[in-house]
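Colleague:
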Amino acid sequence: MARNETTPVNKAIEFLKIIILAMFFELEISYAVSEVNKRYELRKFLRIGEEVKLKSEEFWKYSRGRNQIGGKGLTV
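Counting from 1, one number per residue, gives the positions in the sequence shown under our numbering.
#1: In its own chain, which residues sit with a C-beta less than 6 Å from the C-beta of Ile13, not counting the 5 before and 5 after it?
#2: Smallest Cα separation from Leu21: which of Pro8, Asn10 and Arg43?
#3: DSSP on Glu14, reduced to helix/strand/coil?
#4: Just tell me which of Pro8, Lys11 and Leu54 has its CA closest to the CA of Asn37.
#5: Assign Val33 to buried or exposed, taking buried as 16 or more other Cβ atoms, counted over all protein chains shown, within 10 Å of its Cβ.
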């Protein structure tokens, strides 16, 4: 991720984990974030240390136009 100019990498990894969780359970991203923030066990499972502070502009900065493997930024 870092070589594709995705910074900070830790934040991008958290976003990626939440996106995968939301896709797997067919949830909206905002609902997945609220569930991760409410449930300690879910944060522990995803290996996310603290509550996720999701700002929509920050999230879309990583995910906009990055829907193919190998593109810059967060790839989904």
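All C-beta atoms, glycine included, are put in the ideal place defined by N, C-alpha and C. A quick note: this is a predicted structure, and the numbers were derived from the prediction, not measured.
Modeller: Taking the coordinates as given:
#1: none
#2: Arg43
#3: helix
#4: Leu54
#5: buried
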